[in-house]
Amino acid sequence: MAQFDLLVRGGNVIDGTGAPARTADVAVKDGRIVALGEVNGDADREIDANGWWVAPGFIDVHCHDDIALLNTPSLDFKTAQGVTTVVCGNCGLGAAPANEHVKEFFARGIEGVLGPVKDFSWSTIGEFYDAVREAKPAPNVAFLVPHGTLRVSTMGWEHRDPTDAELGKMKDHLAEGMAAGAAGLSTGLMYVPGAFAKTEELIELNRVVAEYGGLYVSHIRNEGNGLLDSVREAIRIGEEAGTPVQISHHKASGRDNWGLTKESLPLIDAARERGVRVTMDAYPYTAASTSLAALTRNGRLVRALDPHDVMVASVKYQHEYEGKRLDEIADIMDLPVEDAVPKLLADEDQAVVAVMFIMDEADVRRVLQHPQCMIGSDGIPSPTGKPHPRLYGTFPRVLERYVRNEKLFSLEEGVRKMTQLPAKTFMLADRGEVREGAWADIVIFDASTIAEQSTYDEPRQYPTGISHVIVNGQVVVENGQVSEIPSGQFLTRP
Ligand code: CU
Ligand code: ZN
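Okay, structure coming up:
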């Protein structure tokens, strides 16, 4: 019997801590890294990594793959990028705890973002986690408890504060999810019903998260002209409840608000100086993407958005609209935009996902460069249409565009943002580093050629320049070929 299961020979090892790359062999046994350096001994399988870079598998901290894990457990669009762990349940959106209200939540448009649920075979959060375990996904998975789903399941779409009894019920569900291993609580305060929750409700819920040692992750209330107050609110919630705070997809949206990250990042730095653990994630694009319904007020597109800046990414029925801008669609319908948008939403059962070109490159760079910023794709795994290219390209794009071409930060720092920093923040034990004793989540790539291939027009393209992706010691991607090996683990908070 060979001494090791797998031996990766002679690569430039980037360990995830930010330390400089060094040439080393990496030996794997029973899913873990057991030797590092000059390794003698034989292995069942050897990979010659001479001339390649060997890094910890990338951790995608901002995912909406909750249902995709059940429908396409290979999660090929993620593993092909070098992603070995996905954190789901973001933006307050999720499928558990489930009841009739939550089924309606999906029917009213969430299905467009998370995908169709074939069968709600669970009711509690723990039962949903079991369904994910049974689906045997290729990557590792961690979850957040989604506040929107908690609130809908408890009190429907009521635009008011919860009663004491309702708040108690939400806390019970949250505690159940935390006990089942969730990393923390997520909110989507721009969306209904998250938008109905006052700060006090969120502080109360976060006290439960604090008891379990979890973190608070927020799609904040307003990423446009209310950005600074919204960042202050997120920090206050964590500070008063005693939880670390992760600000999701940090950005300044809308032309009038470009440059606001010059003020939002110092708010985060100041909170950190007071001892509040605030971190953030971002995706490396100037376009955002979300449900079109969330961009409307009373059925009309919000005034801050130019219809030409909004592209329809995916719909349920009229696929000819996918890839077209709202002004073009209005022309085809021969209607003014004000009337075309509500008609489109009604015809599509609200399940329309949009891509919005609303950010400034300078803000994107400023946020990505911040030492507390990690990478999160926010990919929307629509089974049809033209999803935002971040679904397929986020991680290679950071290494290609911001490390290699623009030298915004070093290769080692770029890898740290994708590995050790997220593993520490989301409490993923023995992940995010190449070191003895860590789980063998590894990506082997060529730093001089790695490249995104997905575009807004043709998003469904695997990146190039990645030779192997390894999850818990098992090779799931080899030279662009993605397998369905059920190598992932369900990661629970320690
Ligand atoms: Cu999101
Ligand atoms: Zn979000």
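All residue numbers for the sequence shown refer to our numbering, where the first residue is 717 and numbers rise by one.
We treat Cβ as the ideally placed atom computed from N, Cα and C, and that holds for glycine.
Option in the options with minimal Cα separation from residue i
i     : options                       : result
G940  : R1019, H863 and G929          : R1019
E874  : A913, P853, F836 and A899     : A913
M886  : R923, T1141 and L723          : R923
D782  : L1127, A740 and Y845          : Y845
P1210 : E1077, M1143 and C779         : M1143
N806  : Y907, N815 and V744           : Y907
R725  : A737, W768, T733 and G734     : W768
Q1169 : T800, N1195, G1109 and E1064  : G1109
V1069 : K794, R1041, T903 and I963    : R1041
Y928  : T903, R1081 and P960          : P960
G904  : L976, V857 and H778           : H778
V744  : S1164, I1182 and R1151        : R1151
E917  : S1093, E956 and N756          : E956
A737  : A1029, R1132, G1153 and H1184 : R1132
P704  : G747, D741 and V742           : Any answer about residue 704 is impossible in this case: the structure gives the chain only from 717 up to 1210.
G1092 : V1198, P1112 and G991         : P1112
A1163 : G884, R1082, I963 and V1119   : V1119
W863  : D1079, P982, G831 and G910    : The question names Trp, but residue 863 is His in the sequence shown. It is G910 whose Cα lies nearest to the Cα of H863.
D1025 : K1032, E1036, S1007 and A1003 : A1003
S934  : S1005, E1129 and S946         : S946
R1082 : L981, A847 and A950           : L981
V802  : D1094, W1155 and I1160        : D1094
T1208 : R876, P772 and A895           : A895
Helix, strand or coil at residue i [DSSP, three-state]
i     : result
Y999  : coil
P772  : strand
P1179 : coil
H778  : coil
H1184 : strand
K745  : strand
T1171 : coil
V994  : strand
H875  : coil
S980  : helix
Y845  : helix
D972  : helix
T739  : strand
L1011 : helix
S869  : helix
Y1118 : helix
E989  : helix
E762  : strand
N756  : coil
F1206 : strand
A898  : coil
L890  : helix
Residue i: CB within 7 Å of a non-hydrogen atom of the ligand CU
i     : result
C1089 : no
H965  : yes
H780  : yes
C807  : yes
L1094 : Correcting the residue type first, residue 1094 is Asp in the shown sequence and not Leu. Because some heavy atom of the ligand CU lies under 7 Å away, the Cβ of D1094 counts as near it: yes.
H1035 : no
H1104 : no
H1086 : no
T1024 : Residue identity check: residue 1024 is His in the sequence provided, not Thr. Checking every heavy atom of the ligand CU against the Cβ of H1024, none is found closer than 7 Å.
H889  : no
Cβ-heavy atom distance, residue i to the ligand ZN, below 7 Å
i     : result
H863  : no
G828  : no
G825  : no
H904  : The question names His, yet the displayed sequence has Gly at residue 904. G904: yes, Cβ under 7 Å from the ligand ZN.
H1184 : no
H935  : yes
Closer than 8 Å to chain D by CB, residue i
i    : result
G734 : Here there is only one protein chain, and chain D is not present.
Counting only runs that start and end within the stretch 937–965, where is the alpha helix (DSSP H) found for 4 or more residues in a row? 943–957
Could you name each continuous beta strand (DSSP E) segment of 3 residues or more that falls completely within the stretch 1023–1110, going from the start of the chain to the end? Listed in chain order, the complete beta strand (DSSP E) runs (minimum 3 residues) inside the stretch 1023–1110 are 1026–1030, 1069–1073 and 1089–1091.
Within the stretch 781–831, ranges of the beta strand (DSSP E) (whole runs, at least 3 residues): 799–804
So, do the stretch 1003–1016 and the stretch 1044–1058 have three or more beta carbon pairs nearer to each other than 8 Å? yes
Does the structure place the stretch 1111–1124 close enough to the stretch 726–734 that three or more beta carbon pairs sit under 8 Å? no
So does the stretch 878–885 actually touch the stretch 806–816, counting three or more Cβ pairs closer than 8 Å? no
Whether or not the stretch 835–850 and the stretch 1088–1108 are in contact is what I'm after, with contact meaning three or more pairs of Cβ atoms, one per stretch, closer than 8 Å; do they touch? no
If contact is defined by three or more beta carbon pairs under 8 Å, each pair taking one atom from either stretch, is the stretch 991–1003 in contact with the stretch 1078–1093? yes
Please confirm if the stretch 824–831 is in contact with the stretch 1177–1187, defined as three or more CB-CB distances below 8 Å between the two stretches. Using a Cβ-Cβ distance cut-off of 8 Å, the stretch 824–831 and the stretch 1177–1187 are not in contact, since fewer than three pairs of beta carbons, one from each stretch, lie closer than that value.
Please determine if the stretch 1187–1198 and the stretch 1126–1138 are in contact, where contact requires at least 3 C-beta pairs separated by less than 8 Å. no
Where in the stretch 1137–1161 do unbroken runs of the alpha helix (DSSP H), each at least 4 residues long, occur, reported from the N-terminal end onward? Note on the stretch 1137–1161: there is no whole alpha helix (DSSP H) run with a minimum of 4 residues.
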